[in-house]
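K.L.:
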Amino acid sequence: MASSFELLLKKAITNLDVPSIAVEAKRRDGSRILSMYLGSPSPLFTSQNAIGKNTLFTLASLTKLPTSIAALQLAENGTIGLDDDVTDLLPTLKQQRILKGFKADGDPILEDRTNPITIRHLLTHSAGTGYDFSNEELRRVQSFHGERLSSKPTIEQRFNLPLLFEPGESWNYGCSIDWVGKLVEVLTGLKLETYMSKHVWQPLGITSFTFWPHQRDTTTKELAILAERDDETEHLRPLPEGLSLNIGVTDCFGGQGGYSTVQDFLQLLYSLLANDGRILKPETADLLFQGHLTATSKFVLNRKMEDPSWAVGTFYPGETYDWSLGGLLIEIAGHGCSLSRGSNTLVWSGAANLFWFVDRQNGICGLFATQVMPPADHVSQALIKAFHEEVYKQVSEGAARQC
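Residue numbers (my numbering): 122 to 524.
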């Protein structure tokens with residue numbers, strides 16, 4: 122008999138609330154908690170193959186995790202230090218000044234930066250960088266210069282924006298992991314996809330990840346179709362062109378540009394859960410489960426998370442947060458399901474309403490994926506919450522049976 126959770130997902134697909142659902146969750150011992158793949162039979166989405174374990178999903182900001190791991194590999198082998206100034210290696214980033222306000226005519230007021238920019242700053246979103254599409258001040262800068270938002274093909278062109286604050290002195294979610302990906306390329310002489318393929322994915326036996334799904338020999342029918350929810354009707358319409366942020370790019374955007382199967386991405390999460398040493402030394406992987414913000418930056422992050430509606434995922438009252446070198450760290454967990462998630466649980470998400478977590482304390486990891494815009498879509502958020510609670514419910518019930 123199907124569980125209430127399975128029935129909920131099937132109803133969401135039947136009603137075309139979402140075009141696709143893929144969920145995977147695993148215990149530290151390697152056993153599966155959940156594995157489900159569902160796709161809409163609607164004619165709107167018949168150009169894709171059945172949703173399954175070979176389906177490529179647009180990862181959006183899930184890409185940040187493997188990019189961060191690539192940089193940590195270079196830090197652990199001594200290529201560069203986490204607190205080294207990286208600006209000489211990234212000249213476009215080096216010349217970016219700090220936005221202090223605007224003149225009466227709208228001209229941005231800029232001041233020179235005095236602090237260095239380090240990998241630690243970039244990995245924790247405390248370098249001062251931002252996204253022009255989500256930051257009002259950067260939108261004003263782009264408007265003054267007559268620039269379209271997030272439309273240029275390379276990292277240097279798209280993210281040649283003012284900094285919002287001195288590095289290390291505040292917090293803002295933005296494009297810093299794209300700069301990390303560019304740094305990996307500069308340090309290794311390899312394209313980010315090539316480096317990741319050899320050093321991140323091959324050790325895990327993963328072949329699906331790519332920045333360029335349309336250049337593969339396999340048919341694009343393996344790529345899940347992205348959809349957008351209409352604000353008024355709440356109906357979905359397909360976006361066959363894919364995520365707008367990735368249209369026309371010519372660089373490997375390490376903060377947003379990846380595609381992979383859900384099953385393969387879970388293998389990455391599982392490696393971090395098991396701390397198996399396949400992609401990072403255990404002591405390096407441990408850094409992903411520790412906070413790395415200064416007190417001031419951490420304060421700003423926690424103020425931002427007082428209303429977490431901007432972020433895809435499940436967050437509970439009473440939680441406190443830090444940012445690790447790989448994602449949002451739930452430092453003190455709230456109680457929102459049958460078994461509280463553990464302290465120092467690592468989580469993050471993607472714009473098309475994907476959400477992952479690694480909870481070492483409880484020995485579980487999981488990933489929910491759909492392909493719906495906008496981010497934090499209320500229908501998708503409800504399904505993510507149901508997924509999260511189902512995983513912890515099953516773990517809790519399993520523990521009770523063993524008592």
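Just so you know, even glycine gets a beta-carbon here, dropped at the ideal spot from N, CA and C. From a predicted model like this one, the values you see are computed outputs, not experimental measurements.
(1) Would you identify the three-state DSSP class for Cys-524, choosing helix, strand or coil?
(2) Using DSSP's beta-bridge definition, name the partner residues of Ile-142.
(3) Using the Cβ count rule (16 or more neighbours within 10 Å means buried), how would you classify Ala-191?
(4) What does a CB cutoff of less than 8 Å around Arg-337 pick up in its chain, not counting 5 residues either side in sequence?
(5) Put Met-527 into one of helix, strand or coil per three-state DSSP.
(6) Would you please state the rounded distance, in angstroms, between the beta carbons of Arg-241 and His-413? I believe it to be under 8 Å.
(7) Would you mind working out which of Lys-273, Val-305, Val-301, Phe-489 sits nearest Val-144, comparing C-alpha positions?
(8) Under 7 Å Cβ to Cβ from Cys-524, same chain only, skipping five residues before and after it: list those, please.
(9) Compute the Euclidean distance between the alpha carbons of Gly-302 and Lys-319, then round it to the nearest angstrom.
(10) Is Ile-134 helix, strand or coil when you go by DSSP?
(11) For the alpha helix (DSSP H) holding Glu-257, just list the boundary residues, first then last.
(12) If you scan the stretch 358-426 from start to end, which runs of the alpha helix (DSSP H) of 4 or more residues do you find wholly inside it?
(13) Could you tell me whether the stretch 414-426 touches the stretch 209-221, using the rule of 3 or more Cβ pairs below 8 Å?
(14) DSSP has Ser-470 in a bridge; who is on the other side?
(15) Given Leu-475, which residues of its chain have a CB within under 6 Å of its CB, disregarding the five upstream and five downstream residues?
(16) Pull up the distance between the alpha-carbon of Leu-186 and that of Arg-481, whole angstroms please.
(17) Under 8 Å: do the stretch 459-469 and the stretch 490-499 share three or more Cβ pairs, one atom per stretch?
(18) Within 8 Å, do at least three Cβ pairs link the stretch 286-299 to the stretch 246-255?
(19) Rounded to whole angstroms, what's the CA-CA distance from Tyr-158 to Ile-142? Just pull it up for me.
(20) For a quick check, are the C-beta atoms of Leu-390 and Thr-179 less than 7 Å apart?
(21) Using the C-alpha atoms, what's the distance from Ile-230 back to Gly-222?
(22) At what residue ranges does the stretch 222-289 contain a whole run of the alpha helix (DSSP H), taking only runs of 4 or more?
(23) How big is the Cα-Cα spacing for Leu-393 and Gly-375?
(24) I need the boundaries of the beta strand (DSSP E) containing Glu-440, first residue and last residue.
(25) Do you know whose CA, among Val-500, Asp-204, Leu-244, lies nearest Leu-137's CA?
(26) For the putative contact between Ile-327 and Gln-388, defined by C-beta atoms under 8 Å, what is the C-beta separation to the nearest angstrom?
(27) Let me check understanding here. Comparing Cα to Cα, which of Ser-430, Arg-424, Asp-407 lies closest to Leu-467?
(28) With 16 as the cutoff for other CB atoms within 10 Å, does Asn-198 come out buried or exposed?
(29) In its own chain, which residues sit with a C-beta less than 6 Å from the C-beta of Ile-276, not counting the 5 before and 5 after it?
(30) Quick one, which of Leu-357, Leu-203, Ser-163 has its alpha-carbon nearest Thr-405's?
(31) For Pro-361, which residues from the same chain have a beta carbon less than 7 Å from its beta carbon, with the 5 sequence-adjacent residues on both sides left out?
(32) Identify, in the order they occur along the chain, each residue of the same chain with its Cβ nearer than 6 Å to the Cβ of Leu-243, setting aside the five sequence neighbours on each side.
(33) Cβ atoms of Glu-343 and Asn-175: under 7 Å apart, would you say?
(34) What does the Cβ neighbour count give for Lys-224, buried or exposed, with the cut at 16 atoms within 10 Å?
(35) Cutting at 7 Å between CB atoms, please list the residues of its own chain near Val-370, excluding the five before and the five after it.
(36) If you draw a straight line from the alpha carbon of Phe-478 to that of Cys-486, how long is it in whole angstroms?
P.N.:
For this structure:
(1) Along the sequence shown, one-based indexing puts residue 524 at 403. The predicted model places Cys-524 with a pLDDT of 40, which falls under 50 and marks its position as unreliable; any figure quoted below should be read in that light. Secondary structure at Cys-524: coil, using DSSP grouped into helix, strand and coil.
(2) For the purposes of this step, residue 142 is taken as residue 21 along the sequence shown, with counting starting at 1. Paired residues: Leu-159.
(3) Stepping through the sequence shown from its first residue, residue 191 is reached at position 70. The residue in question, Ala-191, is buried, as its Cβ has 16 or more Cβ neighbours within 10 Å.
(4) For the purposes of this step, residue 337 is taken as residue 216 along the sequence shown, with counting starting at 1. Taken in chain order, the residues that qualify are Thr-331.
(5) Within the shown structure, residues of the chain are numbered from 122 to 524, placing residue 527 beyond reach of any answer.
(6) Working through the sequence shown from its first residue, we reach residue 241 at position 120. Working through the sequence shown from its first residue, we reach residue 413 at position 292. Between His-413 and Arg-241 the Cβ distance is about 6 Å, and since that is below 8 Å, they are a contact.
(7) For the purposes of this step, residue 144 is taken as the residue at position 23 of the sequence shown. Nearest Cα to Val-144 within the set Lys-273, Val-305, Val-301, Phe-489: Phe-489.
(8) The residue labelled residue 524 in the question sits at position 403 within the sequence shown. Per-residue confidence for Cys-524 stands at a pLDDT of 40, beneath the threshold of 50, marking its modelled position as unreliable; no derived number is given.
(9) The residue you call residue 302 lines up with position 181 of the sequence shown. The residue you call residue 319 lines up with position 198 of the sequence shown. Between Gly-302 and Lys-319, the C-alpha separation is close to 15 Å.
(10) The residue you call residue 134 lines up with position 13 of the sequence shown. Helix at Ile-134.
(11) Along the sequence shown, one-based indexing puts residue 257 at 136. Run containing Glu-257: 257-265, per the alpha helix (DSSP H) assignment.
(12) 383-395, 403-406, 416-425
(13) no
(14) Taking the first residue of the sequence shown as position 1, residue 470 is located at position 349. Answer is Phe-476.
(15) Position 354 of the sequence shown, counted from the start, is the residue given in the question as residue 475. Cβ within range, chain order: Leu-183, Ala-490.
(16) Taking the first residue of the sequence shown as position 1, residue 186 is located at position 65. Taking the first residue of the sequence shown as position 1, residue 481 is located at position 360. Near 17 Å, if we compare the C-alpha coordinates of Arg-481 and Leu-186.
(17) no
(18) yes
(19) Within the sequence shown, the letter at position 37 stands for residue 158. Within the sequence shown, the letter at position 21 stands for residue 142. Approximately 6 Å, taken between the alpha carbons.
(20) Numbered from its first residue, the sequence shown carries residue 390 at position 269. Numbered from its first residue, the sequence shown carries residue 179 at position 58. It is not a contact, given that the beta carbons lie outside the stated cut-off.
(21) One-based indexing of the sequence shown puts residue 222 at position 101. One-based indexing of the sequence shown puts residue 230 at position 109. Near 5 Å, if we compare the C-alpha coordinates of Ile-230 and Gly-222.
(22) 240-244, 257-265, 276-279
(23) In the sequence shown, the residue the question calls residue 393 occupies position 272. In the sequence shown, the residue the question calls residue 375 occupies position 254. Between Leu-393 and Gly-375, the C-alpha separation is close to 19 Å.
(24) Stepping through the sequence shown from its first residue, residue 440 is reached at position 319. Element bounds for Glu-440: n/a, residue is neither H nor E.
(25) Taking the sequence shown and counting its residues from 1, one reaches residue 137 at position 16. Ranking Val-500, Asp-204, Leu-244 by CA distance to the CA of Leu-137 puts Val-500 first.
(26) Within the sequence shown, residue 327 is the residue found at index 206, counting from 1. Within the sequence shown, residue 388 is the residue found at index 267, counting from 1. The pair is a contact, with the Cβ atoms about 6 Å apart (cut-off 8 Å).
(27) Within the sequence shown, the letter at position 346 stands for residue 467. Per the Cα distances, Asp-407.
(28) Numbered from its first residue, the sequence shown carries residue 198 at position 77. Exposed, by the Cβ-count rule.
(29) Here residue 276 is taken as the residue at index 155 of the sequence shown, counted from 1. Excluding residues within five positions, the ones whose Cβ falls inside 6 Å are Asp-299, Lys-303, Asp-372.
(30) Start at 1 with the first residue of the sequence shown, and residue 405 comes out as number 284. Of the candidates Leu-357, Leu-203, Ser-163, the one whose C-alpha sits nearest the C-alpha of Thr-405 is Leu-203.
(31) By 1-based counting over the sequence shown, the position of residue 361 is 240. Hits under 7 Å: Ile-346.
(32) In the sequence shown, residue 243 corresponds to position 122, counting from 1. Counting only Cβ-Cβ distances below 6 Å, and skipping sequence neighbours, we find Ser-297, Trp-300, Val-301.
(33) By one-based count along the sequence shown, residue 175 stands at place 54. By one-based count along the sequence shown, residue 343 stands at place 222. Cβ atoms of Asn-175 and Glu-343: closer than 7 Å.
(34) Here the question's residue 224 lines up with position 103 in the sequence shown. Under this definition Lys-224 is an exposed residue.
(35) As a first step, residue 370 must be located in the sequence shown, where it is residue number 249. Excluding sequence neighbours, Val-370 sits near Pro-274, Gly-378.
(36) Here residue 478 refers to the residue found at position 357 of the sequence shown. Here residue 486 refers to the residue found at position 365 of the sequence shown. One C-alpha to the other measures close to 5 Å.
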